[in-house]
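This report concerns only the one structure given below.
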Ligand code: FES
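In this note's numbering, the protein residues as written are 100 to 180.
Structure, rendered in structure tokens:
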């Protein structure tokens, strides 16, 4: 497989082959997922998703390189919101 691509499994059951370094928000949109956003500068947390179990703020991060080239995305819900 092309080493610049990673397979992403999205919470809506879709999967995509995405370029490492791409925007999370843009890639999610391609599979029909709109990640909620607020500040777009990393401070509010509205855009948090879980990537392989780790919380990331989608607006300030991009698709990371992973050794397995497989990422599983889930929405993180903060029960105190
Ligand atoms: S939109 Fe506020 S942290 Fe990402």
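Glycine included, C-beta positions come from ideal geometry on N, C-alpha and C.
Between residue 110 and residue 149, the C-beta gap is not smaller than 7 Å, which leaves the two residues out of contact.
Distance between residue 153 and residue 145, taken at the CA atoms: about 15 Å. Secondary structure of residue 133 (DSSP, three-state): coil.
Proximity of the beta carbon of residue 136 to the ligand FES is indicated: a heavy atom of the ligand is located closer than 6 Å. Between the beta-carbon of residue 118 and that of residue 140 there is about 23 Å, and that puts the pair past the 8 Å contact cut.
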